[in-house]
Amino acid sequence: MIKLSPSILAANFSSLGDEIAKIKDADYVHIDVMDGHFVPNITFGPGVVKCIRKTTELVFDVHLMIENAEKYVDDFLNAGADIITVHYESNMDYEYIKNKVKEKGKKLGLSIKPKTDVSVLKDYLSDLDMVLIMSVEPGFGGQKFMEESLEKIKMVRQMDKNIDIEVDGGIGLDNVKKVVDAGANVIVAGSAVFGAKDVSKTVLEFKKF
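Right, dumping it as structure tokens:
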């Protein structure tokens, strides 16, 4: 069974606590942090993470789409992040981030953009708890799933049979099966969950895969 990580990027920001309550049967809460530099959008900071941490026991899956993530990793860990995922393509002090996450007993993920070759992950796999394959260009929600991502998922699964493989971008109930069949076991869904008429029911539908 997959782990479902609904992305609050697609939620109603004016009532995040209520929105998160609707996904109580999910596994994670996916929190996309954007800085307007690494990606052309600005979203949540540690203050928001700290506030919503009080509303749920779900795992906080924090995806840092930012430059110089080492400057902020302590703040996000202290705010309640359970998983910290950084981008291979970003400017960052990877060793510092890795050490801080491990010191706190939390999980470390590394993400790659659609145009980045999966071979870059080889030197990092021994450190990582999770690899995040972006199946859209990062920065905005609601984009169409890139089919070529399926091959990347298969390649990462061949490289490591046990690591969590998370996929983010354009996933809905209509295409999640082929993503899972390719080898992914953590699914990010934003619009497909929070844009549904019945959010709670949609979470349970995803969890059948």
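Residue numbering for the sequence shown follows the working numbering, starting at 3 and increasing by one per position.
Cβ coordinates follow ideal geometry from the N, Cα and C atoms, glycine included.
Model, not experiment: these values are computed from the prediction.
Exercise for the section: Find the nearest neighbour of Leu127 within the set Asp63, Gly197, Asn70 and Lys163, judged by alpha-carbon distance. Expected result: When only C-alpha atoms are compared, the closest one is Lys163.
Handout entry: From Glu69, Lys199, Lys52 and Val190, residue whose alpha carbon lies closest to that of Ile44
Key = In terms of CA proximity to Ile44, Glu69 leads the group Glu69, Lys199, Lys52 and Val190.
Practice task
Compute the distance between the beta-carbons of Val64 and Val51, then report whether it is under 8 Å.
Solution key: Taking 8 Å as the cut-off, the Cβ atoms of Val64 and Val51 count as close.
Exercise for the section: Measure the Cβ-Cβ separation of Val61 and Ile85 and say whether it is below 8 Å. Expected result: Contact: yes.
Problem - Contact check, Val190 vs Ser16, beta carbons under 8 Å - result: It is not a contact, given that the beta carbons lie outside the stated cut-off.
Practice task
Rank Lys156, Lys73, Glu105 and Leu18 by C-alpha distance to the C-alpha of Ile165 and give the top, closest one.
Solution key: Cα-wise, what sits closest to Ile165 is Lys156.
Practice task
May I ask which residues mark the beginning and end of the beta strand (DSSP E) holding Glu168?
Solution key: Per DSSP, the unbroken beta strand (DSSP E) holding Glu168 starts and ends at Asp166 to Asp170.
Practice task
Put Ile54 into one of helix, strand or coil per three-state DSSP.
Solution key: Helix.
Problem - Backbone CA spacing between Asp95 and Gly172 [nearest angstrom] - result: Between Asp95 and Gly172, the C-alpha separation is close to 30 Å.
Practice task
For Leu110, count neighbouring C-beta atoms within 10 Å of its own C-beta (all shown protein chains included) and say buried if the count is 16 or more, exposed if not.
Solution key: Buried, since its Cβ has 16 or more Cβ neighbours within 10 Å.
Problem - Supposed close pair Val158, Leu112 - CB separation, criterion 8 Å - result: Not really, about 11 Å apart at Cβ, beyond 8 Å.
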